[in-house]
Structure formats: structure tokens, C-alpha cells
Amino acid sequence: MEEMKDRIRIPRVTYQGDDRKLKERIFKFKAGSFRIAVFTLVGLFMGFYSDTYVRDTFFPTKLITAVPYKIMEAIYQSVLPVQNPIPPDMRGWTWNMIFPYSYVANLLAEPLTTVLIGGALYGSLGYFTGDKRVFTLQRFLKFAGCWCVVILLVIGAAFGFNAGAEAANEKFGKIEDFFFYREDGSGFSGKYGIPELTEEDFYQGFAPGDVVRDRNGELPLGIYFDGGMRYGLYRIHYEKQYVVTEQGKVYYISEEFVRYVKDEIESNSRNK
Amino acid sequence: MKFTAAYEQSRDAVYGYLVYMTRDVSLAEDLSQEVFLRMFLHLDKFRGEASVRTWALRIARNVFLSYARKKQPQLLEEQEWEPEPDVNRNLPEEEVLRKEEARQVRDCLMCLGEQERTVLLLRDFQELSYEEAARIMNLTPEVVKSRIYRARQKFRKIYEDSGKGDKAEWRR
Chain L
608 MEEMKDRIRI PRVTYQGDDR KLKERIFKFK AGSFRIAVFT LVGLFMGFYS DTYVRDTFFP
668 TKLITAVPYK IMEAIYQSVL PVQNPIPPDM RGWTWNMIFP YSYVANLLAE PLTTVLIGGA
728 LYGSLGYFTG DKRVFTLQRF LKFAGCWCVV ILLVIGAAFG FNAGAEAANE KFGKIEDFFF
788 YREDGSGFSG KYGIPELTEE DFYQGFAPGD VVRDRNGELP LGIYFDGGMR YGLYRIHYEK
848 QYVVTEQGKV YYISEEFVRY VKDEIESNSR NK
Chain R
208 MKFTAAYEQS RDAVYGYLVY MTRDVSLAED LSQEVFLRMF LHLDKFRGEA SVRTWALRIA
268 RNVFLSYARK KQPQLLEEQE WEPEPDVNRN LPEEEVLRKE EARQVRDCLM CLGEQERTVL
328 LLRDFQELSY EEAARIMNLT PEVVKSRIYR ARQKFRKIYE DSGKGDKAEW RR
């Protein structure tokens with residue numbers, strides 16, 4: 608009221624634009640969104656099966672299939688130099704290519720990161736095939752940014768799980784299986800090689816020790832913990848009855864455990 | 208709320224705001240389309256705290272600012288007095304006068320800065336309350352009040368200086 612008379616009179620303007628244009632843009636947006644969703648789903652699928660490129664013999668399809676997996680490898684092994692500290696022939700029956708200690712970390716890294724990379728790549732292809740007036744660069748950057756955040760979170764979680772498993776390996780835990788290595792480098796699973804061997808046999812008399820290590824007499828010993836979700840590689844000396852963690856902590860082990868393993872290794876060697 | 212209803216309620220307000228902000232009918236149409244598309248995309252986020260028109264004008268202002276910053280920064284600044292060319296020769300007299308009036312207002316508005324133009328359009332053209340205008344401009348109602356006062360004074364001075372205005376005509 609105070610200023611009605613004071614107002615500037617600005618003439619009315621009526622929208623003269625064509626509503627069909629707007630309808631067309633909305634239709635293109637809906638169609639484009641559907642296409643992006645389909646491309647993303649295909650990408651997730653392609654990412655999931657990306658590691659099958661090794662078995663593909665037809666080069667063009669091999670190349671297309673390999674892209675998400677190779678990007679994942681490049682991220683973990685080149686951009687983030689993850690060095691798998693366990694040589695391939697000492698990973699027992701684990702298939703952990705990227706993170707050796709934790710099954711969950713490797714699951715996040717190898718299949719899940721690859722799946723997400725596949726989704727991001729193919730989803731982006733869907734984006735670029737859309738109407739440029741609707742699917743602008745700014746909108747694409749937001750789309751790509753969201754994928755980057757998700758992938759980075761997964762990568763971070765993978766590192767976290769692996770670090771947790773690495774720390775837990777120093778404290779041992781609930782044993783699922785052993786993987787014994789012979790002097791010639793060959794190995795066998797405890798469950799199949801020495802089925803009578805139990806977790807109690809290992810922990811009986813298990814105590815921190817301060818022996819002078821004899822590195823020449825040590826052999827690798829792989830141990831699976833927590834239902835196979837965690838793997839640790841230790842060094843075991845059957846004569847001096849000790850086991851050494853990766854960080855060099857020494858523990859005594861029971862005579863019974865050593866006897867079981869030695870018997871198996873010796874009888875195995877004689878049968879060879 | 209359905210998009211069609213939101214569109215119907217805000218169409219002229221959005222377009223009018225953009226016409227006066229850009230002084231370019233076809234650009235205003237393009238930017239309006241972008242505003243309506245954004246409304247369509249974000250309709251689920253509209254919680255009804257403000258009216259649809261206020262919400263749409265807020266989007267329109269963001270679209271305008273984003274466009275002007277990138278493509279035509281001069282739209283954000285006060286411009287020299289420069290009348291638009293007269294293209295209404297073949298129209299009926301009444302229509303010519305109406306268009307002439309709108310053209311003069313557009314010309315004068317362009318001599319104001321973006322903030323002054325916006326506050327004037329929101330209050331005097333869209334007839335929004337101080338609170339609604341403040342919400343759109345991220346200001347307090349008190350600041351809007353003082354800015355509208357200054358903007359009106361400046362507008363009148365520009366209009367008079369352009370040599371075509373009658374002070375009384377610009378009062379309701």
C-alpha cells in the first residue's frame with residue numbers, strides 16, 4: 608500500500624514461444640535418459656564380464672571387452688601403485704590379484720571397480736549420443752563427477768579393508784585353512800593334505816618368542832582366516848618350531864603341529 | 208504438483224522476466240525453455256515452501272546469471288542509453304504505442320545494473336512481496352526494500368534524461 612503509487616509501470620509480456628519446442632525437449636530428455644540407463648546397464652554387464660577378454664580369441668571383441676578391466680588395472684597398478692607383496696605362486700588358492708590380504712578388498716577392487724568403470728564408460732557414451740541442447744557438457748560433468756565419486760569411494764574402501772586385514776594378520780585369528788609350501792616351491796592345502804590338522808593344533812603352545820631367526824630354514828606358510836575372507840603369508844621353521852609374521856614378529860608353535868606337517872611333507876617327498 | 212500446472216502458472220512470469228533482463232525476445236525464449244526444462248527435471252524437489260512462480264523465477268534468475276556470466280557479461284552491467292530500432296511501422300496505432308512503451312521500458316531497464324533491474328522486475332512487474340523477492344535474490348527483505356527505492360529513483364531519472372518521459376505517467 609505504502610508504495611503502490613510509487614511503483615514503476617512495466618507493461619505485461621505474454622509468452623510467445625512455441626510449446627511444441629518444450630515438449631520436444633522434454634521428450635528428448637526422457638528418451639535420452641532411457642538411453643543412458645540402458646547404456647549404463649550394458650556397461651555394468653560388460654564390466655562384470657570384462658576379465659573374460661583373456662579367453663577371447665577374436666581381437667576386436669577382445670579389445671572391447673578388455674577396456675574396463677585394463678582401466679581398473681591401470682588405476683590400481685599404475686595410478687595408485689599397489690604392489691601385491693605376495694608372489695603369484697604363493698597366493699595358495701586365493702585369486703586376489705590386487706589386494707592379497709582381504710577377499711572383500713579384492714572384491715571391491717577387481718570385479719566391483721571394473722563393473723563401475725564399465726557403467727561409467729558406456730553411460731558416458733549414452734550421454735554423448737543425446738541431444739546436445741538437453742544433455743549439455745555441464746550436465747555430463749555432473750554425471751561423470753558422480754561416477755568418479757562412487758569409484759573413488761570404492762577404491763578407498765578397498766584400501767581400507769586391505770589395510771585392516773594386513774593389521775589383523777599380525778594378530779592371527781580364526782583359522783580356516785593352511786597352505787603349506789615345500790622346499791621346491793610346490794604347495795598343498797591343509798584341509799586336503801592333512802585333514803586331521805586342526806586350528807587347536809596350531810594354537811596349542813602358541814606364544815611370542817625371541818629366537819634368533821634362521822632364514823635359510825624357513826618356508827612360506829599361507830593361512831586363511833575368517834572363513835577364507837583374509838589371507839596371510841608367514842614364514843615357518845619346522846626344526847626350530849616358530850612362525851614369523853610379515854612384520855617380523857616371531858611366535859612359537861606346538862610340536863604336534865610341526866610333526867603333522869613334517870610327516871606330510873616328508874611322506875609327500877618320498878612318494879614323488 | 209504436475210508439471211503442466213507449474214508451467215501454466217509460471218510461463219508468462221518467467222518469459223517476461225527474461226525479456227526485460229535480456230532485451231532480446233528470441234534469447235528470452237531460449238532461456239525460458241531452459242528454465243522450463245529445469246523445472247521439469249527438479250519438480251520433485253519443489254517442496255511448496257514458496258509459490259510456484261517464486262520458485263520458477265528463482266530458477267530463471269539462475270539461468271539468466273549463468274548465461275550472462277558465460278556469454279554476455281554486459282547484460283549484468285549498466286549500459287549506455289541506446290534505443291532499440293523502431294520496427295512497428297505497419298502496426299495499428301494502439302499496438303504501436305503499446306510496443307513503444309514496452310520498448311522504452313526495456314531500454315531504460317538496460318541502463319540499470321543486474322541487481323537493480325531484477326529487484327524492480329520482481330517487485331513492480333511480477334508484483335512479488337518483499338519476502339518473495341528476497342528469497343529469489345538471497346537477500347533480506349530490508350535490503351530489498353532499500354534497493355527497490357534506489358532502483359526506482361534511478362529508473363525515473365534515466366527515463367526523464369532520455370527526453371521522452373512524463374514523470375506522472377510512471378506512477379500508478
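Quick mapping for you: the protein sequence lines, in order, are chains L and R. The opening position of the first sequence corresponds to residue 608 in our numbering, with each subsequent residue numbered one higher. The opening position of the second sequence corresponds to residue 208 in our numbering, with each subsequent residue numbered one higher. In this text, a Cβ means the ideal position worked out from N, Cα and C, and glycines have one as well. In this text, all values refer to a predicted model and were calculated from it rather than measured experimentally.
Query raised in the report: If you follow the beta strand (DSSP E) that residue 784(L) is part of, which residue opens it and which one closes it?
Result: Unbroken beta strand (DSSP E) run through residue 784(L): 782-788.
Report task. Report buried or exposed for residue 235(R), applying the criterion of at least 16 other Cβ atoms within 10 angstroms of its Cβ. Result -> buried
Report task. Could you list the residues in the segment 223-245 of chain R with a C-beta less than 8 angstroms from some C-beta on chain L, going in chain order? Result -> 223, 226, 227, 232, 236, 239, 240, 243 and 244
Query raised in the report: Residues of chain R with a CB under 7 angstroms from the CB of residue 628(L): which are they?
Result: 240
Query raised in the report: How far does the beta strand (DSSP E) with residue 794(L) in it reach, from first residue to last?
Result: 794-796
Query raised in the report: Which residues mark the beginning and the end of the beta strand (DSSP E) in which residue 827(L) is found?
Result: 826-832
Query raised in the report: Along chain L, in chain order, which residues have C-beta atoms closer than 7 angstroms to that of residue 332(R)?
Result: 617
**Report entry** Limits of the unbroken alpha helix (DSSP H) element including residue 838(L)
**Finding:** Taken as a continuous stretch (DSSP letters only), residue 838(L) belongs to no alpha helix (DSSP H), being part of the beta strand (DSSP E) at 837-844.
Requested in this report: Show which residues of chain L have a CB atom less than 8 angstroms away from the CB atom of residue 219(R).
Outcome: Against chain L, the beta carbon of residue 219(R) has neighbours under 8 angstroms at 619, 620, 621 and 622, listed in chain order.
Query raised in the report: Which term fits residue 280(R), buried or exposed, when burial requires 16 or more other beta carbons within 10 angstroms of its beta carbon?
Result: exposed
Query raised in the report: Using the rule of at least 16 other Cβ atoms within 10 Å of the residue's Cβ for burial, across every protein chain shown, is residue 786(L) buried or exposed?
Result: buried
Requested in this report: Measure from the alpha carbon of residue 227(R) to the alpha carbon of each residue in 356(R), 278(R) and 318(R), then state which is nearest.
Outcome: 318(R)
Query raised in the report: Is the segment 716-726 of chain L in contact with the segment 624-641 of chain L, if contact means three or more CB pairs nearer than 8 angstroms?
Result: As far as the Cβ criterion goes, the segment 716-726 of chain L does not touch the segment 624-641 of chain L, which means the pair count is below three.
Query raised in the report: If you measure from the CB of residue 788(L), is any heavy atom of the ligand PLP nearer than 6 angstroms?
Result: As presented, the structure is devoid of all ligands, the ligand PLP included, so that no description of it is given.
Query raised in the report: From the beta carbon of residue 312(R), is the nearest beta carbon of chain L less than 7 angstroms away?
Result: yes
Query raised in the report: Any C-beta of chain R sitting closer than 7 angstroms to the C-beta of residue 662(L)?
Result: So, not an interface residue.
Query raised in the report: Below 8 angstroms, can you find three or more Cβ-Cβ pairs linking the segment 830-849 of chain L to the segment 209-216 of chain R?
Result: No: the two stretches stay apart, fewer than three of their Cβ pairs being nearer than 8 angstroms.
Query - Any C-beta of chain L under 7 angstroms from that of residue 268(R) - result: no
Query raised in the report: Nearest-angstrom Cα distance between residue 674(L) and residue 657(L)?
Result: The straight-line gap from Cα to Cα measures roughly 7 angstroms.
Report task. Note the first and the last residue of the continuous alpha helix (DSSP H) segment covering residue 226(R). Result -> 210-229
Query raised in the report: Closer than 7 angstroms, CB to CB, is residue 632(L) near chain R or not?
Result: yes
Requested in this report: Reducing DSSP to helix, strand and coil, say where residue 257(R) ends up.
Outcome: coil
Query - Spatial neighbours of residue 821(L) in its chain, beta-carbon cut-off 7 angstroms, leaving aside the 5 residues before and after - result: 844 and 847
Requested in this report: For my contact list, residue 831(L) and residue 784(L) are in at a C-beta cut-off of 8 angstroms; report their separation, rounded to the angstrom.
Outcome: 5 angstroms
Query raised in the report: Counting pairs of beta carbons, one from the segment 348-363 of chain R and one from the segment 306-323 of chain R, are three or more of them closer than 8 angstroms?
Result: yes
Query - Proximal residues of chain L, C-beta to C-beta of residue 362(R) below 8 angstroms - result: Neighbours of residue 362(R) on chain L, chain order: 615.
Query raised in the report: Can you tell me whether residue 811(L) is buried or exposed, with buried defined as 16 or more other CB within 10 angstroms of its CB?
Result: exposed
Report task. Apply the 10 Å Cβ neighbour rule to residue 862(L) and answer buried if 16 or more other Cβ atoms are within range, or exposed otherwise. Result -> exposed
Query raised in the report: Got a sec: which bits of the segment 339-359 of chain R sit with their beta carbon under 7 angstroms from any beta carbon on chain L, in order along the chain?
Result: 359
Query - Contact belief for residue 326(R) with residue 354(R) at Cβ below 8 angstroms, rounded distance in angstroms - result: 5 angstroms
Query raised in the report: Do three or more CB pairs link the segment 757-777 of chain L to the segment 729-743 of chain L at distances below 8 angstroms?
Result: no
Report task. Kindly say whether residue 216(R), judged by its beta-carbon, lies nearer than 7 angstroms to any beta-carbon of chain L. Result -> no
Requested in this report: Give the straight-line distance between the Cα atoms of residue 798(L) and residue 835(L), rounded to the nearest whole angstrom.
Outcome: About 12 angstroms.
Report task. Counting only runs of 4+ residues fully inside the segment 663-735 of chain L, write out the alpha helix (DSSP H) ranges in chain order. Result -> 666-681, 710-714 and 720-735
Report task. Give the straight-line distance between the Cα atoms of residue 708(L) and residue 781(L), rounded to the nearest whole angstrom. Result -> 15 angstroms
Query raised in the report: Going by C-alpha distance, which of 713(L), 725(L), 630(L) and 764(L) is nearest residue 648(L)?
Result: 725(L)
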